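In the working numbering, the protein residues as written are -5 to 429. Virtual Cβ for every residue (Gly too), placed ideally from N, Cα, C. These numbers were taken from a predicted model, which means no experiment stands behind them.
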Ligand SMILES: NC(=O)c1ccc[n+]([C@@H]2O[C@H](COP(=O)([O-])OP(=O)(O)OC[C@H]3O[C@@H](n4cnc5c(N)ncnc54)[C@H](O)[C@@H]3O)[C@@H](O)[C@H]2O)c1
């Protein structure tokens, strides 16, 4: 059993901390956000993530997981320090590494014994060297440490499962002592024969960006194919299905929609381009995916405007779903943001309902009207737009919807409704590449 500090208790830090405790380690999750830590100490989970509450409190009750505001003490008391703070988009698309380097400073100043420093945050190639340099300069030269890059691949919405049963674990390290330490930390995964990729620090840093940028490209690609389908007599779902059965392509990430969002793809694609530009190598494919994604979000707004004959002023538009995808309350870079901005700018009244993300969006747009059910949000609406593929919208009772709205007009930006059923109920509708 290792003593572990996870610094940064957000989506990644909290899930990783709970998961590492579940593997049998003693984990302190530390964060500078006092409100977040107080919530956790009071048995409340600050984010929505399926299964997280259960795993957190199972490990708290077993005495393996605790929470603290005291980052310095957490560092001193641990053998392995995981850095899991945010790396948001900074200037010119490059990552803002201020939180990561702040943690490196705290580690350097509190390094009281040999420790393995492990970065889970997504950081650009070369950040490992910067972190090591900072710790070395601030710590006593007789106190040794090793550095590991251990990028995280969990997906919000299935983060707990992804952490406990990952497709692979990537460990970038420069010496065996650090790798052995990580083997102990991840012992159950080694026993399960999870693919573990041991490599250099910089290779590990690149693997994370290469993976996310590839998935972003795949999404933008199928979105652009869907846009072609919009113009011809073709159904993008049939195209995706036929493409996906080809083992070289695979069916995953071939579902068209309103454009990718979330806390990772938008910033990670830009950060990888920033790195490629610095290296003078360029990354045209990913540049194209980012441009296509911006256009896709604008295209959803244009589709809604077209359904409304380009006049939404004084009209009520109901948005069903606000999170960037289902099963999360995360609204970062959600396509719903672009939609709300455009509607408000055009003087529309915006009613919204999301099963878990209402509060986050209300913080961003005070002008929106938030409702606790889809039925209340759509009452007397001139148009409804599905923005997130929540299960409860997949089975939408269209007869009931038609009774509640003022006009039966619907934009299905997630392609979760059936065209024939919409037609049978007399809806005017649009979707992404299926009409
Ligand atoms: N969210 C995801 O799905 C996901 C998946 C894989 C990787 N990542 C990467 O993991 C990292 C974290 O992402 P996230 O979504 O968990 O971020 P987040 O914003 O949810 O959480 C970051 C946390 O770090 C804390 N923090 C900031 N500075 C700190 C400091 N100096 N000391 C202690 N705590 C500090 C913040 O208070 C916050 O609670 C990012 O680099 C992200 O790219 C995220």
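Only buried fits residue -1, as 16 or more other CB atoms lie within 10 angstroms of its CB.
Taking C-beta atoms as the reference points, residue 149 and residue 156 count as a pair closer than 8 Å. Considering only 115, 59, 314, the residue with the shortest C-alpha distance to residue 92 is 115.
Membership of residue 357 in the alpha helix (DSSP H) is indicated by the continuous run 352 to 358. For residue 65, the CB contacts under 7 Å within the same chain, skipping 5 residues up- and downstream, are 1, 24, 26, 100 in chain order. Runs of the alpha helix (DSSP H) spanning 4 or more residues and lying entirely within the segment 146 to 192 occur at 153 to 158, 170 to 179, 181 to 185, in chain order. Straight through space, the alpha carbons of residue 409 and residue 10 are spaced by roughly 33 Å. In this structure, residue 371 lies away from residue 311, with their beta-carbon atoms at least 8 Å apart. With fewer than 16 other beta carbons inside 10 angstroms of its own, residue 232 counts as exposed.
The alpha helix (DSSP H) runs lying completely inside the segment -1 to 35 and spanning 4 residues or more are 5 to 16, 28 to 35, given in chain order. Per DSSP, residue 339 has no beta bridge partner at all. If you draw a 10 Å sphere on the C-beta of residue 43, you find 16 or more other C-beta atoms in it, and that means buried.
Residue 62 sits close to residue 22, with the two beta carbons spaced by under 8 Å. For the segment 75 to 125, the full-length alpha helix (DSSP H) segments reaching 4 residues or more read 92 to 103 along the chain. Exposed is the label assigned to residue 389, since fewer than 16 other Cβ atoms lie within 10 Å of its Cβ. Residue 143 is a Cβ neighbour of residue 122, given a cutoff of 8 Å. Approximately 6 Å separates the beta-carbon atoms of residue 179 and residue 19; this is inside 8 Å, confirming the contact. By the C-beta criterion, the segment 74 to 90 is judged to be in contact with the segment 247 to 265, since at least 3 inter-stretch pairs fall below 8 Å. Here the distance from the Cβ of residue 35 to the nearest heavy atom of ligand 1 is not below 7 Å. At a cut-off of 7 Å, the beta-carbon of residue 25 counts as near ligand 1: some heavy atom of the ligand is closer than that. Residue 423 carries a strand assignment under DSSP once its states are collapsed to helix, strand and coil.
Counting along the chain, no beta strand (DSSP E) covers residue 370; the unbroken alpha helix (DSSP H) around it starts and ends at 368 to 372. Rounded to whole angstroms, the gap between the alpha carbons of residue 229 and residue 94 is 45 Å. DSSP lists 343 as the bridge partner or partners of residue 310. In this structure, the alpha-carbon of residue 201 lies about 25 Å from that of residue 250. Taking each of 382, 182, 427 in turn and checking the Cα distance to residue 256, the smallest one comes out for 382. The segment 330 to 344 and the segment 297 to 314 touch, with no fewer than 3 CB-CB distances between them shorter than 8 Å. Residue range 139 to 143 is occupied by the beta strand (DSSP E) that includes residue 142. Contact between residue 346 and residue 363 is confirmed by a C-beta separation of about 7 Å, below the 8 Å threshold. Taking C-alpha positions only, residue 128 is separated from residue 353 by approximately 39 Å. Of the candidates 215, 59, 51, 260, 260 places its Cα closest to the Cα of residue 203. A distance below 6 Å between beta-carbons, with the five flanking residues on each side excluded, links residue 284 to the following residues of its chain, in chain order: 263. Residue 365 sits away from residue 315, with the two beta carbons spaced by 8 Å or more. Look at residue 258 here: in three-state DSSP terms it is coil, with no helix or strand label. Listed in chain order, the non-local C-beta contacts of residue 404 below 6 Å within the same chain comprise 378, 421, 423, local neighbours out to five positions each way being set aside.
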